[in-house]
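Novice: Can you keep this structure in mind? I'll have questions shortly.
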Amino acid sequence: MSLPDQELYEKVSDKLIDNGMTWFSTLPDIKETFTKMPYVYCGDVSLQLLPNKSSLQGTVSITLNLFGRKEQRWQLSELQQQMYQLLLPINHTANYRVVIDPVVTVNTVTEENIDNATIWHGTLDLTYKIY
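If you're matching positions, the sequence shown starts at 3 in the working numbering and goes up one per residue.
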């Protein structure tokens, strides 16, 4: 049996891939993937367990990074919203019940300059409670 962070990572990635999003499990080279923007990669996954004698409880946080070209600002925001709507209904993995915690879920979009190219970098920080 996998830990809840791994199961949730797999559930999130499968959901996004099944809905046609370009997904990378590691940060790709911006120069090589510039024409494939916008795309998503999973930056961080963390598991925080709460002490409990009878069951595994805690939270799993997943940071999804989105990248888009200079002219794709609106498209990046739309993609963030679409991702949130797809991931909001997740309520279980193979072995755990989960629920998203909207209070600590945060999204941002910032402009960055990499190798003389202006890109948009969005993040969607999702936190799920696990039971």
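Ideal placement from N, C-alpha and C gives every residue a C-beta, glycine not left out.
Report yes if the C-beta distance between M39 and I116 is below 9 angstroms; otherwise report no.
Specialist: No, they are not a contact pair.
Novice: Does the distance from the CB of L88 to the CB of G70 come in under 9 angstroms?
Specialist: Taking 9 angstroms as the Cβ cut-off, L88 and G70 do not qualify as a contacting pair.
Novice: Looking at the unbroken alpha helix (DSSP H) that takes in R75, where does it start and where does it end?
Specialist: R75 -> alpha helix (DSSP H) spans R75 to L89.
Novice: Please go through the same chain and pick out, in chain order, the residues whose beta-carbon is closer than 6 angstroms to the beta-carbon of T95, but skip the five residues on each side of it.
Specialist: Excluding residues within five positions, the ones whose Cβ falls inside 6 angstroms are E9, L10 and K13.
Novice: Is there contact here, the stretch 42-50 with the stretch 97-110, by at least three beta-carbon pairs under 8 angstroms?
Specialist: Segments in contact, no.
Novice: For L135, does the count of other Cβ atoms within 10 angstroms reach 16, so buried, or fall short, so exposed?
Specialist: The chain is shown only over 3 to 133; residue 135 falls outside these bounds and no answer can be derived.
Novice: What are the uninterrupted segments assigned as beta strand (DSSP E) that are 3 or more residues long and contained completely in the stretch 88-112, given in chain order?
Specialist: DSSP runs (the beta strand (DSSP E)) wholly in the stretch 88-112: 100-102.
Novice: What's the call for L18, buried or exposed, on a 16-neighbour Cβ count within 10 Å?
Specialist: Answer is buried; the Cβ neighbour count reaches 16.
Novice: Just the Cα atoms here: how many angstroms apart are N21 and E73?
Specialist: N21 and E73: Cα-Cα distance of roughly 23 angstroms.
Novice: I'd like to check one pair, I102 with T129: are the Cβ atoms closer than 9 angstroms?
Specialist: The answer is yes: Cβ separation under 9 angstroms.
Novice: Hey, is R75's beta-carbon within less than 9 angstroms of any beta-carbon in chain C?
Specialist: In summary, chain C is missing from the structure at hand, where a single protein chain is found.
Novice: In terms of residue numbering, what span does the alpha helix (DSSP H) encompassing K38 cover?
Specialist: First-last for K38: undefined, no H or E at that position.
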